[in-house]
Amino acid sequence: MTPNITESLAASKTEFYQDLEEQVQAVVDGQRNWVTNLANTSALIYHGLRAVTGKPINWVGFYLLDQDHASSSSTTPRKDSLILGPFQGKVACTTIEFGRGVCGTAAQENRTLLVKDVHEFPGHIACDAASNSEIVVPLELDGRVIGVIDLDCEVVEGFDEVDQAGLEKVAKILVQTCDWRGVV
Ligand code: SME
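With the first letter of the sequence shown counted as 1, position 90 gets the number 90 in UniProt numbering; the numbers rise by one all the way through.
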């Protein structure tokens with residue numbers, strides 16, 4: 001029986017993520033600088049996923065814990081913040097407080113957020129009005145969120161559980177293999 005298009009797309013996406021794991025491992029082999037490794041990983045995901053899915057994925061990148069921006073004072077408690085890291089796509093907002101938007105919420109709650117329609121996510125930050133769906137995966141080091149992977153797509157339901165599982169594996173590889181000096 002010939003598999004239908006949805007099934008073969010799911011199969012090729014699963015294969016894509018298996019290959020991606022190997023490619024990310026190859027990229028970080030002998031290189032521990034986080035800027036370098038996240039830059040190459042965002043390129044691998046952006047170009048690879050667009051080609052495999054045919055979906056208009058318009059942004060792939062990272063936000064990292066911003067040690068220089070702790071909004072602490074004698075009256076307000078310190079609030080962690082994220083700062084824009086390496087990415088592929090259009091210019092994006094530079095800082096996001098924990099608890100704000102999809103990225104800040106995923107960081108604060110330390111869990112992946114798979115948002116099928118960003119217009120239904122209260123507080124979504126629209127860096128690019130063309131984005132309609134999003135997935136954000138935390139990077140967790142020793143129980144602390146040190147950043148997130150963020151992907152945007154121009155259509156609703158641009159991402160699914162296959163993306164979630166694949167990106168969570170990539171997040172683990174990066175956390176374990178990079179030197180996070182300057183982030184933590
Ligand atoms: N939409 C994100 C902001 C980052 S951009 O998508 C690149 C959010 O709501 O956190």
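Where a beta carbon is used, it is the ideal one built from N, C-alpha and C, also for glycine.
| said: Looking at the ligand SME, does it come within less than 8 Å of residue 59, judged from the CB to the closest heavy atom? | reply: yes
- Query: Nearest CA to the CA of residue 17: which residue from 172, 99 and 166?
  - Reply: 166
* **Spatial distance of residue 146 from residue 6 (CA atoms)** => 35 Å
Query - Residue from 170, 92, 98 and 62 whose Cα sits closest to the Cα of residue 130 - result: 92
So what does DSSP say about residue 34, is it helix, strand or coil? helix
**OP:** Taking 9 Å as the cut-off, decide whether the C-beta atoms of residue 59 and residue 127 are in contact.
**Re:** yes
Output needed for residue 44: all residues of its chain with C-beta closer than 8 Å, excluding positions within five of it in sequence on either side, in chain order. The beta carbon of residue 44 is closer than 8 Å to those of 20, 23, 24 and 27 in its chain, skipping five residues each way along the sequence.
According to DSSP, is residue 58 part of a helix, a strand, or is it coil?
In the three-state DSSP reduction, residue 58 falls in the strand class (E or B).
**Prompt:** Is residue 178 near the ligand SME, judged by its Cβ being under 8 Å from some heavy atom?
**Reply:** no
Subject >> Secondary structure of residue 181, DSSP reduced to three states >> reply: coil
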